[in-house]
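Each residue of the sequence shown is one higher than the last, beginning at 3 in the working numbering.
Heads up, the beta-carbon is just placed ideally off N, CA and C, and yes, glycines get one too.
Remarks on the structure that follows.
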Amino acid sequence: MSKKVVIPAGEIIHKENVPQKLGVHYQREFIPEVAQLIEEARKKGISQLKWEITLPRKPRSKGPRSQNNRIWGNCQDIADQLGEYTAEEIKAAMQRMAVDDGYPTKMSVDGKEIPKPTSTVSSEEAKILLDVIQKFADEQSLYLTEYDGQGPYKTVGGRTREEMREYWK
């Protein structure tokens with residue numbers, strides 16, 4: 003049984019003359035899940051449901067050349083060059099550093115504020131992390147792997163492939 007139905011975006015139905023009443027028009031594919039949740043509530047004698055209303059978020063990109071791959075690839079580049087840390091340790095450090103720039107946090111089980119996992123952040127929030135990684139690499143004169151029409155290349159300070167040819171001379 004489903005305990006939670008997440009509808010990525012729904013049209014708000016709100017009537018001005020009834021300010022306490024709110025409805026949501028949602029996509030057809032969610033009808034079975036919503037019906038199952040309502041039926042489960044009825045069987046348990048529950049007449050209310052918990053609603054959480056937020057602005058829809060654009061999920062971070064996944065797959066080849068995605069934000070997710072870029073985050074992990076950049077962290078691996080940094081780990082390889084520093085030599086004493088894993089990509090996981092670099093990513094965790096970058097997430098902690100990114101909090102000051104607006105990267106989202108959550109409360110841990112022990113009550114400490116920690117950075118949210120990248121799997122739960124929006125594309126805008128993932129960009130904050132990527133900017134911090136780029137800034138760290140620039141400050142430490144570390145290369146990061148970038149891609150262009152010719153494939154991957156190592157860059158320092160966000161230079162293009164052509165600029166890097168001059169840089170490495």
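Supposed contact pair Asn76 and Ile135 - C-beta distance, whole angstroms, cut 8 Å: Yes, Ile135 and Asn76 are in contact; Cβ-Cβ is about 5 Å, under 8 Å.
Beta-carbon proximity check, Pro154 vs Thr147, cutoff 7 Å: Thr147 is positioned such that its CB atom lies closer than 7 Å to that of Pro154.
As assigned by DSSP and simplified to three states, the class of Gly153: Reduced to three states, the DSSP call for Gly153 is strand.
Rounded distance between the beta-carbons of Ile73 and Ala139, thought under 8 Å: Incorrect: roughly 12 Å between the Cβ atoms, too far for contact.
Residues near Thr107 by beta carbon distance below 7 Å, same chain, minus five either side: For Thr107, where only same-chain residues beyond five positions count, the Cβ hits under 7 Å are Val101, Glu115, Ile116, Pro117 and Lys118.
Between the CA atoms of Ser125 and Gln152 - distance to the nearest angstrom: Annotation: Gln152 to Ser125 spans about 26 Å, alpha carbon to alpha carbon.
Glu54, DSSP secondary structure in three states: Three-state DSSP puts Glu54 in coil, outside helix and strand.
Pick from Ile15, Ala37, Asp112 and Glu35 that is closest to His27, judged by C-alpha positions: Checking every option, the nearest Cα to that of His27 belongs to Ile15.
Runs of alpha helix (DSSP H) wholly within the region 70–96 (minimum 4 residues, chain order): Taking 4 residues as the shortest admissible run, the region 70–96 contains no complete alpha helix (DSSP H) segment at all.
Coarse secondary structure for Lys114, derived from DSSP in three states: Looking at Lys114 - three-state DSSP - the assignment turns out to be coil, as it is neither helix nor strand.
Where the alpha helix (DSSP H) through Val123 begins and ends: Looking at the DSSP string, Val123 is not in any alpha helix (DSSP H), and its letter there is neither H nor E.
Among Lys23, Lys93 and Arg30, the one whose alpha carbon lies nearest that of Leu131: Comparing Cα-Cα distances from Leu131 to each of Lys23, Lys93 and Arg30, the minimum goes to Lys93.
Euclidean distance between Cα positions of Pro6 and Ile80: For the sequence presented, residue 6 should be read as Lys rather than Pro. The C-alpha of Ile80 is placed about 39 Å away from the C-alpha of Lys6.
Separation of Glu86 from Ser49, as counted between CA atoms: Our two residues, Ser49 and Glu86, have alpha carbons roughly 56 Å apart in a direct line.
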